[in-house]
């Protein structure tokens, strides 16, 4: 995923406070010690859109094309994990793939 | 109708003839089961009864089993069963658990039950347990007939209820019931693998995910450990494999998911929280392949613009048109986009310009974009508004990318690259007056070189109005005061900064510098008494060894000037501490120069006139000091260079490694010590013959300030050979540098007839056509590759307009190309050009003016802007 708004999970019109809150919330899940790569991604995204100037600069100058992951995240972001249906488990136990 | 008997092919017959027990065994060992089967069958046909036949039958049984497993792994259970049955038909072989598993997969429970009584399976607890595990999994999967076929007290029947409860509890998210049910399943139960899987899956809850939707390392590793306890041939292996897939990160998952079946995907989508729409879109994305074409990705984005958002699709979609927006714009509408707006076209052009290393292009295209924004707002833009901020950012773009002002000094030409970028930055402050960094950058730029102090003060004043107590602005104020010689004011400002930020070593250093500069100024004015006072102030703030050393030096010089005998002793001590070699002489000379004291006289007074013995350690220390001096932005004073030139040349013969020699040549490139650089480059070439980097240094040093047409052809050819070697070595940076020299500030009129400048291998973007009618265009129309007006101007200055015109009568390539030019643009235009250049000459544009300087390229003439605009759609 390359879009910092999607990485932080904030809308395109998010303000400084919303972005900082999303960053801090993300830090709880991706601390530099436990998840260095996750932290880097989070930090990079935050720095790209931290301030109003940053966000405008990102809109004006960033040339990164969207990826399939960006499209997926934008169209249908991940929700909380769900327990699978019993029928799914039954099919797998039956040997289906 | 009777089926026609298929005749064995000639190839098969040949193979049958050539097969041996060893080759069949080798096929079996290598997993080539089809070949092994054919081989063993052929051998069995011709083998006599006996021990050999037993061994061949055993091999065939293994080959059937191997092939059956291969087919089973592909989900081809019916085909696998044929193999198992072939194996069983060989007779007198123990039942294989996988045969039973295969039957179970096909729901043929009745055929499995007798196998449970097979003596060999009963004798092997591992195989028996494996088969029971498969029966248990099939029992949970609802395969009919298992319960009925088993005795009532069989663990598979008895524990099925609690295993069902565990599955149900997990699926509805009742973790308490799940825990109870799992506890009720005994350790040696045929359902034990299910216990591990459900335990692993229950670790994957929302709290175990990071911001990307991936599992935390802790959750992932715990779950993976539990899943690793399940064997590959377990009846629960399919469920385990699906669970393992769900543990992968989103990036790892994508390619694996493509190979997974619907049941596995369902499990993964649920566990990872994929909404149904995401799964549908993912399927659609898969049809575009591993690396979707931008056009197809854009088509998909437009198709889903409602869920993706119109703005997002438009903004991100524009990025898919790069790197060739003109081509991309053609299919934008074809794939479902609305017509691009004018502003989109300008933005795409500006992005495209950034792929070019030419700063002028970037400046020009972003200027156009800013102009369009301004025009769209009818020139009424409120500072700080979104449009204003956009304009400000765009005006700062070239500097952000190229940091021109961080490297160059201001000059008097407002049309120069730094002049233009500085004007852009100043303009940006009209729209975004709150960007402190821009003020500070401009102040630092205007202070560099000391020629634009007024501009620095002007910007500083505006910054101080906004941030009167800001440390960075105060520091800029101190630097401005120092640059203006207002040392007392600088000291006051520094004290203010240190009062609130006592550990600010940068300011402390600058303050010491300010006092030192003051002391030097006093010494220049022959006022050692005042210098001593400034030094006393500096001493109060001095903390580092390096500043103490310099204070000692200046103090020594002040004492010398005041006829204090302590001075000579102090300076002797400093020289002694520095080893009395070249490094010591450099430090003394630099300081003497800064204080207006003749360096040669000082060295004489200290008995240091005799050249020191060349020494590697001293030489390294010397160049370290030179680099430190040059890094401050100062130049090496000519007197210092002149005094040290001779002893330095002698040190060129010292045995240093190649890297050090290269580093020395690079340092000398930043000075005017061309003879010394040449001596080092030549010494290096003696040891590393033909080494391109030293060829380049030798060339530049040898021909510094020499107009290109006076450089012998053999020298040019030698450099071209170095270029080829650098290319062979893959040293792209060096290749670029040599090309710059060969093509760069350029010869007028196309240069010599062959090799050297204008050599066919150097492409020149200036070589294209142009329709402008200004003077500059006369050059373009003449097809003059990579030429510089300044160089032409230099010829005119050297020869005078009439002498220049008389060159046109000269035989040879230069005269010929000038005549060609006259033919093309006409005598009148050429006269206008010559007179214009004769009236406005600038020595800075000489070739090799200062190799250390950034080369800003040609100026943004109307021609270039017009050309840029013509390119626009």
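Residue numbers (UniProt numbering), protein chains in the order written: chain A, 1 to 97; chain B, 1 to 873.
For each residue, glycine too, the CB sits at the ideal point set by N, CA and C.
Every value quoted in this text rests on a predicted model; they were computed, and no experiment measured them.
Handout entry: Alpha-carbon spacing of residue 91(B) relative to residue 54(B), whole angstroms
Key = For the purposes of this step, residue 91(B) is taken as residue 91 along the second chain, with counting starting at 1. For the purposes of this step, residue 54(B) is taken as residue 54 along the second chain, with counting starting at 1. About 11 Å.
Exercise for the section: Using a Cβ-Cβ cut-off of 9 Å, state whether residue 251(B) counts as contacting chain A. Expected result: Here residue 251(B) refers to the residue found at position 251 when the second chain is read from its first residue. It does; some Cβ of chain A falls within 9 Å.
Practice task
Measure how close the beta-carbons of residue 441(B) and residue 474(B) come, nearest whole angstrom, since I'm counting them as under 8 Å.
Solution key: Here residue 441(B) is taken as the residue at index 441 of the second chain, counted from 1. Here residue 474(B) is taken as the residue at index 474 of the second chain, counted from 1. Rounded, the Cβ-Cβ distance is 16 Å, inconsistent with contact.
Practice task
Kindly say whether residue 17(A), judged by its beta-carbon, lies nearer than 9 Å to any beta-carbon of chain B.
Solution key: Stepping through the first chain from its first residue, residue 17(A) is reached at position 17. So, not an interface residue.
Exercise for the section: Report buried or exposed for residue 381(B), applying the criterion of at least 16 other Cβ atoms within 10 angstroms of its Cβ. Expected result: Start at 1 with the first residue of the second chain, and residue 381(B) comes out as number 381. With 16 or more Cβ atoms within 10 Å of its Cβ, residue 381(B) is classed as buried.
Practice task
Could you name the residues that DSSP lists as bridge partners for residue 215(B)?
Solution key: Taking the first residue of the second chain as position 1, residue 215(B) is located at position 215. Partner(s): 209(B).
Practice task
Compute the beta-carbon to beta-carbon distance between residue 701(B) and residue 677(B), rounded to the nearest angstrom, for a pair I have assumed lies under 8 Å.
Solution key: Stepping through the second chain from its first residue, residue 701(B) is reached at position 701. Stepping through the second chain from its first residue, residue 677(B) is reached at position 677. Confirmed, about 4 Å.
Exercise for the section: Give the interface partners of residue 170(B) over in chain A, defined as CB-CB distance under 7 Å, in chain order. Expected result: For the purposes of this step, residue 170(B) is identified with residue 170 of the second chain, where counting begins at 1. Ordered by position in chain A, the residues that pass the 7 Å Cβ test against residue 170(B) are 83.
Handout entry: Residue interval of the alpha helix (DSSP H) (run including residue 10(A))
Key = In the first chain, the residue the question calls residue 10(A) occupies position 10. Counting along the chain, residue 10(A) sits inside no alpha helix (DSSP H), nor does DSSP assign it H or E at all.
Exercise for the section: Note down the Cα distance separating residue 403(B) from residue 418(B), rounded to an integer number of angstroms. Expected result: As a first step, residue 403(B) must be located in the second chain, where it is residue number 403. As a first step, residue 418(B) must be located in the second chain, where it is residue number 418. When only Cα atoms are considered, residue 403(B) and residue 418(B) end up about 10 Å apart.
Problem - Cα-Cα separation between residue 746(B) and residue 5(A), rounded to whole angstroms - result: Position 746 of the second chain holds residue 746(B). Position 5 of the first chain holds residue 5(A). At residue 746(B) the pLDDT is 42, less than 50, meaning the model places this residue with poor confidence; the figure from the coordinates comes in the next sentence. Taking the straight line joining both Cα atoms gives about 49 Å.
Handout entry: Sub-9 Å separation of residue 697(B) and residue 680(B) beta-carbons
Key = Here the question's residue 697(B) lines up with position 697 in the second chain. Here the question's residue 680(B) lines up with position 680 in the second chain. In this structure, residue 680(B) lies closer than 9 Å to residue 697(B) by Cβ.
Exercise for the section: Measure the Cβ-Cβ separation of residue 35(A) and residue 216(B) and say whether it is below 9 Å. Expected result: Numbered from 1 along the first chain, position 35 holds the residue referred to as residue 35(A). Numbered from 1 along the second chain, position 216 holds the residue referred to as residue 216(B). Closer than 9 Å, so yes.
Practice task
Please report how far the alpha carbon of residue 300(B) lies from the alpha carbon of residue 355(B), in whole angstroms.
Solution key: On the second chain, position 300 is the one that residue 300(B) refers to. On the second chain, position 355 is the one that residue 355(B) refers to. Each residue's alpha carbon lies about 27 Å from the other.
Handout entry: Residue ranges of each alpha helix (DSSP H) within the segment 154-228 of chain B, 4 or longer
Key = Unbroken alpha helix (DSSP H) runs of no fewer than 4 residues, entirely contained in the segment 154-228 of chain B, are found at 155-158, 160-172, 175-183, 192-202 and 217-227, following chain order.
Handout entry: Coarse secondary structure for residue 643(B), derived from DSSP in three states
Key = Your numbering for residue 643(B) matches position 643 in the second chain. Looking at residue 643(B) - three-state DSSP - the assignment turns out to be helix.
Practice task
Give the range of the alpha helix (DSSP H) segment to which residue 447(B) is assigned.
Solution key: By 1-based counting over the second chain, the position of residue 447(B) is 447. First-last of the alpha helix (DSSP H) with residue 447(B): 436-447.
Exercise for the section: Tell me whether the beta-carbon of residue 571(B) lies closer than 9 Å to the beta-carbon of residue 557(B). Expected result: Translated into the one-based positions of the second chain, residue 571(B) becomes position 571. Translated into the one-based positions of the second chain, residue 557(B) becomes position 557. Going by C-beta atoms, residue 571(B) is nearer than 9 Å to residue 557(B).
Practice task
Kindly say whether residue 214(B), judged by its beta-carbon, lies nearer than 9 Å to any beta-carbon of chain A.
Solution key: One-based indexing of the second chain puts residue 214(B) at position 214. Under the Cβ criterion of 9 Å, residue 214(B) is counted among the residues facing chain A.
Problem - chain A contact residues for residue 389(B), given Cβ-Cβ distances below 8 Å - result: On the second chain, position 389 is the one that residue 389(B) refers to. Under the 8 Å cutoff, chain A gives 52, 53 and 56.
Problem - beta strand (DSSP E) runs contained entirely in the segment 23-92 of chain A, provided each spans 3 or more residues - result: Counting only runs of 3 or more, we get nothing.
Exercise for the section: Within the same chain, show all residues whose beta-carbon is closer than 7 Å to that of residue 150(B), passing over the 5 residues directly before and after it, in chain order. Expected result: Counted from its first residue, the second chain places residue 150(B) at position 150. Here the set comprises 156 and 157.
Practice task
Take the Cβ of residue 20(B) as the centre, count every other Cβ of all protein chains shown within 10 Å, and call the residue buried at 16 or more, exposed below.
Solution key: As a first step, residue 20(B) must be located in the second chain, where it is residue number 20. With fewer than 16 other Cβ atoms from the protein chains shown falling within 10 Å of its own Cβ, residue 20(B) counts as exposed.
Practice task
Consider the Cβ of residue 217(B): report whether some Cβ of chain A lies at a distance smaller than 9 Å.
Solution key: Position 217 of the second chain, counted from the first residue, corresponds to residue 217(B). At least one chain A Cβ lies under 9 Å of residue 217(B).
Exercise for the section: Select from the segment 298-321 of chain B all residues with a C-beta closer than 8 Å to any C-beta belonging to chain A, and list them in chain order. Expected result: Within the segment 298-321 of chain B, 300, 301, 304, 307, 308, 309, 311, 312, 315, 316, 317, 319 and 320 place their CB atoms closer than 8 Å to a CB of chain A, listed in sequence order.
Handout entry: Span of the alpha helix (DSSP H), counted from its first residue to its last, around residue 699(B)
Key = Stepping through the second chain from its first residue, residue 699(B) is reached at position 699. Taken as a continuous stretch (DSSP letters only), the alpha helix (DSSP H) holding residue 699(B) covers 692-702.
Exercise for the section: Mind checking the segment 258-291 of chain B against chain A and listing, in chain order, the residues whose C-beta falls within less than 7 Å of any C-beta there? Expected result: Residues 260, 261, 263, 264, 266, 267, 270, 271, 272, 273, 274, 275, 277, 278, 281, 282 and 285.
Practice task
Would you kindly report the start and end of the unbroken alpha helix (DSSP H) that includes residue 709(B)?
Solution key: By one-based count along the second chain, residue 709(B) stands at place 709. Under the DSSP assignment, residue 709(B) falls outside any alpha helix (DSSP H); it carries neither an H nor an E label.
Handout entry: Where the alpha helix (DSSP H) through residue 244(B) begins and ends
Key = Along the second chain, read from residue 1 onward, the residue named residue 244(B) stands at position 244. 237-247 is the span of the alpha helix (DSSP H), which, as asked, contains residue 244(B).
Handout entry: For residue 497(B) and residue 565(B), the rounded distance between their alpha carbons
Key = The residue given as residue 565(B) occupies position 565 in the second chain. The residue given as residue 497(B) occupies position 497 in the second chain. Residue 565(B) and residue 497(B) have their C-alpha atoms roughly 38 Å apart.
Problem - is_contact[residue 38(A), chain B] using C-beta, thresh 9 Å - result: For the purposes of this step, residue 38(A) is identified with residue 38 of the first chain, where counting begins at 1. A Cβ of chain B is located within less than 9 Å of the beta carbon of residue 38(A).
Practice task
Kindly indicate if chain A contains any beta-carbon less than 9 Å away from that of residue 344(B).
Solution key: Translated into the one-based positions of the second chain, residue 344(B) becomes position 344. Closer than 9 Å: no.
Exercise for the section: Could you tell me whether the Cβ atoms of residue 547(B) and residue 574(B) are closer together than 9 Å? Expected result: In the second chain, residue 547(B) corresponds to position 547, counting from 1. In the second chain, residue 574(B) corresponds to position 574, counting from 1. No, the pair does not count as a contact, with Cβ atoms beyond the cut-off.
Problem - Beta-carbon gap between residue 58(A) and residue 42(A) smaller than 9 Å - result: Counting from one through the first chain, the residue named residue 58(A) turns up at place 58. Counting from one through the first chain, the residue named residue 42(A) turns up at place 42. Not in contact: residue 58(A) and residue 42(A) (Cβ atoms no closer than 9 Å).
Exercise for the section: Please name the residue in 86(B), 124(B), 106(B) and 76(B) whose C-alpha comes closest to that of residue 97(B). Expected result: Within the second chain, the letter at position 97 stands for residue 97(B). Checking every option, the nearest Cα to that of residue 97(B) belongs to 124(B).
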